[in-house]
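For our numbering, count along the sequence shown from 1 and bump the result up by 112.
Each residue gets a CB set at the ideal place from its N, CA and C atoms; glycine is no exception.
Just so it is clear, the structure is predicted and the values come from calculations on it, not from any experiment.
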Amino acid sequence: MGALIRAFDWGSTALGPVSEWPQSLRTAVGVLLSTRHPMFIWWGPDLVQFYNDAYRRSLGPDRHPNALGQGGRACWAEIWPLIGPEIEAVMGGGEATWHEDRLVPITRGDRVEDVYWSYSYSPILDDDGDVGGVLVTVQETTKRVLTERRARILQELAANELEAESEQEVIAIAISTLEAESGEVGFALLYVHDPAMGVYRLADSAGLAAGHPAGPPTLDHSGAGVWPVPPATSDQLPVVVEDLITTVGSIRREGWPEAIREALMVPMARSGGDAGLNGWLIVGVNPRLRVDEEYRRFFSQIAREITHALHNVHAVEQERRGRQAAEVAAAERDAERLQLARVFELSPTFLTVLRGPDHVVELSNAAYHRLIGVREILGKPVRSALPEVEGQGFFELLDRVYRTGEPFVGNELAIQVERAPAEGLETRYVNFVYQPMRGADGAVTGILASGTDVTDFVQSREAAERLAGERDIERRQLLTVLEQAPLAIVLADAPSGRITFANPRVWKIFGRADVSTPPGVPGEHWRGVHPDGLAIEPEEWPLSRAIRLGETVANETVLIETPGGQRAELVINAAPVRDAQGNIIAGVAMFWDVTAERRTERQLRDAERLQSVGTLAGGVAHEVNNQMTTVLGFGEFILRALGPEHPQAADLRVVLTAADRTARITNQLLTFSRKQMTQPRVVDLRALTLGLRPVLQQLLGTDKDLVIEAGRDTCSVAADPTQVEQVLINLVANARDATETGGRVTIGFEDVELTDSDMQGHDFPITPGSYVLLTVSDTGHGMDAPTLARVFEPFFTTKNVGEGTGLGLSMVYGIVKRHGGHVWAESAPGRGTVLKLYWPSARQGAGSSGEISGGGWELPRPPGSRRASILVVEDERSVRELARRILKEEGYQVLAAEDGQDALRVLSESGEKPSLVLTDVLMPRMNGRQLSETLRELYPGVPILFMSGDIGENVVWRQLMADGAPFVRKPFTPAQLLKGVSGVLR
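Put into structure tokens, the structure is as follows:
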């Protein structure tokens, strides 16, 4: 600038040639040219302009060099209303002015730019002592102001993102932070990658109305649309999109004089070096800012912070799914926080000018004195001005810069200064630059020291790091407790009801495999009913009531259907969470899945009920069998005596038929009570059914179809064939009665493997394993739910009086349960009925039946003879007389006794050893087993044949009869009794 000033035609200005200038002007211009600090002079009424090289960089190419010698009012016409009054005041003898970081927009190139300045207007006295001009000491602070502002934005964004717990919160915080900054962003769009669709989906926006053409819902790589998306690479650089006014129309943010002309598309690269992008951040650029490298870097940092925050919340969500990478994710978050701390290395600027090799303090500003304290330093060498700094290395740095002419930059260096007298040394931290100042000949004449006191920042950063570490530990501890709790726990925000946390037991209850996001507002994805069957509305969920109404809910039962179609019964507690003022800020709910407990309770109740009914059935059967023995036995005697042609023979046969039916009903009662004997062996269930087909078809009738599905499975079971036939006959008979003419009954077979998951949600009291599923289905009228619930109860029937006993399905139930299987009925009105019978497969092992039969026992017996003597012991007189008569008519010698003690008396009086003892089991004073034990001591080897209205298994279980002893069950016919007796004597 010295050369330009010397070469300028000053005669063309109001100042005239240099030779005519006053000495004061020459001195001022000399000072201006000798300093490297930006300076500017207005001189004379026309405010003719001078400036040095340091100031020239702030003018821009459109003002330099034209501004030299130009009048101030013409040169600065666009800002004269802002600065003119102050300049005129100083020229008029007013005091000097000072502004720090003042926004003074100026035209540079093709636009008006927002430019920030720290400057002073000081009067320059002419040779007569009047104000001849204005000295402007100025520093353009645009870069620092923007840097500090952007650092603050980054700091706020980082701090706020630390609180985010979901992707939605991260995005909302980022958009709201950008929206609040009117100086940087005209509008903001945030697109995230949707891998399923292969596009970038608009997640949130600010500054644009819904549906605005500048904010399409998706972006792709087709190249079409407003925003040209380049190929997705991890090293993608920001893209500037120009001429927005043409493509999307005028977009003008409130308070901005000009419409937005360009936008910046900033890629959000994935963390961890993964290829591809997480999304795009698109911002409308302030028309008074240029998209330079700093601008790109700033928004790249914004994008990185958003990416880091997204990565962090994704890591937390992965931790909720039980992954073991939580510590690694936390370490990555901490590393990102430490990296973010580098942007805090910015602060207000201090300034001092040191002259000569002794570094004499020539100029210093208020910020410098805030650093070193209030003291007289002007005109003093810096070593004298700041004696306490000796030995800290700063003076040596000044000497080196002065000697070499190379600037020095220091960041966060500690300096100990005495900021107040007698208070000792205080450690401060500074970022600073030592910049050499040169004279016209290029030699170093001084040093400009500028910098920032960053002590508060350094100390705050250290405290924040400690606090962040403590908070991270506390949060991890709480998360561990919640996730390991034995209850399902859900936390929701208030008043939105949005779920912010759900531990793994919640996902187990609701059957979700993907837990990357919370399950939404209660009721939005949850479906449930009250115990009375009414659906639960979203606002009726206990958690919703706790949030909306402040209600505390205890032990409320809810029934849900899991995604797998299974019913679950939950007990829920819920309560509101309040702040210090009592406002509801959240809600918490705890779930217990009591499905298994309630199912066990129901099974226990059913088992107790059926056991009581079975006990009653067994007792009734015992008494009835005694009476039916008498009726059937003496009835046959009478029928034999009358002869088949007797007029009363037909009537007697009706009586015997009724008695036989009563006996069969008794057998069914015993079957239901699971007291009937079984003789299990390996049976091909399909072959047995096919062999029984003629009987079943005849039973079904010609007006209905019988379908037996052959299939290919083995279908081998361990079962009593006779009882299996009973089951099939009863099931087909029931299906026949429920099916109209033209209907169909289908019997199917299938080998199945039952697992724990198969039986979950069903009342299956059987163990997992191999089973043969026998299915009998019909096309009949079906049953409603109340009827279906009672279908296996004894004596329950929907038929008219006299048409059924209500024992058919009870018998089926008893037989199948006795074989270790289970029966399951499915039906609905108008949709027919399906009976599913699970028989243990022979592959699973038949086990021991535990039943007793008369055959197969080798007992020492005397030679069989019609002259054999038999002792009959029976407390029921009519049965005793019947047995005595049957045996006597067959030629046996018969003795009779009414109980065990009476039998011992009779034998003692007779003095004979009987050939056989036929004894009842249940008798007063001495029962059958006690009698048999006594007789074997008195008469070793004597055969004993037991009889009872109960069945073998029950009396063995009650220890009334030896396991495997010969046995005749009441009611018996004469032929049956004689067969049993001869079988023992043989």
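message = Within a Cβ cutoff of 6 Å, which residues of the same chain sit near Gly823, ignoring the five residues on either side of it in sequence?
response = Working through the sequence shown from its first residue, we reach residue 823 at position 711. Spatial neighbours of Gly823 in its own chain (CB-CB distance under 6 Å, excluding positions within 5 residues in sequence) are listed in chain order as Phe861.
Rounded straight-line distance, which links the Cα of Glu652 to that of Pro643 = Translated into positions along the sequence shown, residue 643 becomes position 531. Translated into positions along the sequence shown, residue 652 becomes position 540. Rounded to whole angstroms, Pro643 to Glu652 spans 14 Å at the Cα level.
ask   = What first and last residue would you give for the alpha helix (DSSP H) that runs through Phe507?
value = For the purposes of this step, residue 507 is taken as residue 395 along the sequence shown, with counting starting at 1. From DSSP, the alpha helix (DSSP H) with Phe507 extends over Phe506 to Thr516.
query = When DSSP labels each residue in this structure, what does Phe120 get in the three-state scheme?
reply = Along the sequence shown, read from residue 1 onward, the residue named residue 120 stands at position 8. Phe120 falls in the coil class under three-state DSSP.
task = Indicate whether Ile648 and Ala604 have their beta-carbon atoms separated by less than 8 Å.
result = The residue given as residue 648 occupies position 536 in the sequence shown. The residue given as residue 604 occupies position 492 in the sequence shown. Annotated as distal: Ile648 and Ala604, with beta-carbon spacing of 8 Å or more.
key: Spatial neighbours of Leu843 in its chain, beta-carbon cut-off 7 Å, leaving aside the 5 residues before and after   = Residue mapping note: residue 843 aligns to position 731 of the sequence shown, counting from 1. Cβ within range, chain order: Val888, Val924 and Leu947.
ask   = Near Ala415, what residues of its chain come up, given a Cβ to Cβ distance below 6 Å and the 5 sequence neighbours on each side ignored?
value = For this step, residue 415 is matched to residue 303 along the sequence shown. For Ala415, where only same-chain residues beyond five positions count, the Cβ hits under 6 Å are Val378, Met380 and Leu393.
message = In this structure, how does DSSP classify Glu938 when only helix, strand and coil are distinguished?
response = As a working note, residue 938 is residue 826 in the sequence shown. It is a strand residue.
ask   = Thinking just about the alpha-carbon of each residue, which of Pro952, Lys911 and Leu579 is nearest to the one in His931?
value = Here residue 931 is taken as the residue at index 819 of the sequence shown, counted from 1. It is Pro952 whose Cα lies nearest to the Cα of His931.
key: Segment contact flag, the region 270-285 with the region 413-427, C-beta cutoff 8 Å, min 3 pairs   = Result yes; three or more Cβ-Cβ pairs closer than 8 Å.
inquiry  = Let me check one thing: in DSSP terms, what residues is Phe703 bridge-paired to?
reply    = The residue you call residue 703 lines up with position 591 of the sequence shown. As a beta-bridge residue in DSSP terms, Phe703 pairs with Ala600 and Ile684.
key: Residue span of the alpha helix (DSSP H) that contains Tyr480, given as start and end   = Within the sequence shown, the letter at position 368 stands for residue 480. Residues Ala478 to Ile484.
inquiry  = Which residue marks the beginning of the alpha helix (DSSP H) containing Lys1000, and which one marks its end?
reply    = Translated into the one-based positions of the sequence shown, residue 1000 becomes position 888. Taken as a continuous stretch (DSSP letters only), the alpha helix (DSSP H) holding Lys1000 covers Arg989 to Glu1001.
key: Segment contact, 8 Å Cβ cut-off, at least three pairs: the region 165-182 with the region 198-216   = Output reads no: the region 198-216 does not touch the region 165-182.
request  = Check whether the Cβ atoms of Pro654 and Glu668 lie closer than 8 Å to each other.
outcome  = The residue labelled residue 654 in the question sits at position 542 within the sequence shown. The residue labelled residue 668 in the question sits at position 556 within the sequence shown. For the pair Pro654 and Glu668, the CB atoms are nearer than the 8 Å cut-off.
query = Which word fits Asn398, buried or exposed, when buried means at least 16 other C-beta atoms lie within 10 angstroms of its C-beta?
reply = As a working note, residue 398 is residue 286 in the sequence shown. Looking at its Cβ environment, which holds 16 or more other Cβ atoms inside 10 Å, Asn398 is buried.
ask   = Under 7 Å from any heavy atom of the ligand GTP, does the C-beta of Ile659 make it?
value = This structure lacks the ligand GTP, and indeed carries no ligand of any kind.
query = Which value, in whole angstroms, describes the spacing of the CA atoms of Gly881 and Ile601?
reply = Here residue 881 refers to the residue found at position 769 when the sequence shown is read from its first residue. Here residue 601 refers to the residue found at position 489 when the sequence shown is read from its first residue. The C-alpha of Ile601 is placed about 35 Å away from the C-alpha of Gly881.
ask   = Buried or exposed: which applies to Lys620, given that a residue is buried once 16 or more other Cβ atoms fall within 10 Å of its Cβ?
value = Your numbering for residue 620 matches position 508 in the sequence shown. Lys620 sits exposed, since fewer than 16 C-beta atoms from the chains shown fall within 10 Å of its C-beta.
request  = My understanding is that Glu735 touches Gly1061, with C-beta atoms under 8 Å, so please give their C-beta distance in whole angstroms.
outcome  = Reading the sequence shown from its first residue, position 623 is the one you call residue 735. Reading the sequence shown from its first residue, position 949 is the one you call residue 1061. Yes, Glu735 and Gly1061 are in contact; Cβ-Cβ is about 7 Å, under 8 Å.
task = Classify Ile363 as buried or exposed, calling it buried when 16 or more other Cβ atoms lie within 10 Å of its own Cβ.
result = As a first step, residue 363 must be located in the sequence shown, where it is residue number 251. The residue in question, Ile363, is buried, as its Cβ has 16 or more Cβ neighbours within 10 Å.
key: Alpha-carbon to alpha-carbon, Gly920 and Met1059   = Against the sequence shown, residue 1059 aligns to sequence position 947. Against the sequence shown, residue 920 aligns to sequence position 808. Going from the Cα of Met1059 to the Cα of Gly920 covers about 26 Å.
message = Quick check: the Cα distance between Thr330 and His324, rounded to an integer number of angstroms?
response = Here residue 330 corresponds to residue number 218 of the sequence shown, with the count starting at 1. Here residue 324 corresponds to residue number 212 of the sequence shown, with the count starting at 1. Each residue's alpha carbon lies about 13 Å from the other.
inquiry  = Please report the distance separating the alpha-carbon of Leu751 from that of Glu988.
reply    = The residue you call residue 751 lines up with position 639 of the sequence shown. The residue you call residue 988 lines up with position 876 of the sequence shown. Spanning the two alpha carbons is a distance of roughly 23 Å.
Rounded straight-line distance, which links the Cα of Asp565 to that of Val542 = What you label residue 542 is simply residue 430 of the sequence shown in a count that begins at 1. What you label residue 565 is simply residue 453 of the sequence shown in a count that begins at 1. The alpha-carbon of Val542 is positioned some 5 Å away from that of Asp565.
key: Limits of the unbroken alpha helix (DSSP H) element including Trp619   = In the sequence shown, residue 619 corresponds to position 507, counting from 1. Looking at the DSSP string, the run of the alpha helix (DSSP H) that includes Trp619 is Pro616 to Phe622.
request  = For Val807, count neighbouring Cβ atoms within 10 angstroms of its own Cβ and tell me buried if that reaches 16, exposed if not.
outcome  = On the sequence shown, position 695 is the one that residue 807 refers to. Exposed is the call here.
ask   = How is the alpha helix (DSSP H) around Gly1092 delimited, first residue to last?
value = Residue numbering aside, residue 1092 sits at position 980 when the sequence shown is read from its first letter. Looking at the DSSP string, the run of the alpha helix (DSSP H) that includes Gly1092 is Pro1086 to Leu1097.
request  = Could you tell me how far apart the beta carbons of Arg400 and Asp226 are, in whole angstroms, since I believe they sit closer than 8 Å?
outcome  = Here residue 400 refers to the residue found at position 288 of the sequence shown. Here residue 226 refers to the residue found at position 114 of the sequence shown. 4 Å between Cβ atoms; contact.
ask   = Name the DSSP bridge partner or partners of Thr539?
value = For this step, residue 539 is matched to residue 427 along the sequence shown. Looking at the DSSP assignment, Thr539 forms a beta bridge with Gln528.
task = Measure the CB-CB distance between Gly142 and Gln161 and report whether it falls below 8 Å.
result = As a working mapping, residue 142 is identified with position 30 in the sequence shown. As a working mapping, residue 161 is identified with position 49 in the sequence shown. With a cutoff of 8 Å on beta-carbon distance, Gly142 and Gln161 are scored as not near each other.
query = For Pro342 versus Leu376, is the C-beta distance shorter than 8 Å?
reply = For the purposes of this step, residue 342 is identified with residue 230 of the sequence shown, where counting begins at 1. For the purposes of this step, residue 376 is identified with residue 264 of the sequence shown, where counting begins at 1. Their beta carbons are not under 8 Å apart, which means Pro342 does not touch Leu376 by this criterion.
query = What number of angstroms, rounded off, separates the C-alpha of Gly319 from the C-alpha of Trp339?
reply = The residue labelled residue 319 in the question sits at position 207 within the sequence shown. The residue labelled residue 339 in the question sits at position 227 within the sequence shown. Rounded to the nearest angstrom, the two C-alpha atoms are 17 Å apart.
request  = Express the C-alpha separation of Arg365 and Gly640 in angstroms, rounding to a whole number.
outcome  = One-based indexing of the sequence shown puts residue 640 at position 528. One-based indexing of the sequence shown puts residue 365 at position 253. Distance from the CA of Gly640 to the CA of Arg365, rounded to the nearest whole angstrom, comes to 48 Å.
key: Exposure of Arg1081, with buried meaning 16 or more beta-carbon neighbours within 10 Å   = Position 969 of the sequence shown, counted from the first residue, corresponds to residue 1081. Result: buried.
key: Every unbroken alpha helix (DSSP H) within the region 1013-1062, with a cutoff of 4 residues, ordered by chain   = Correct list: 1040-1050.
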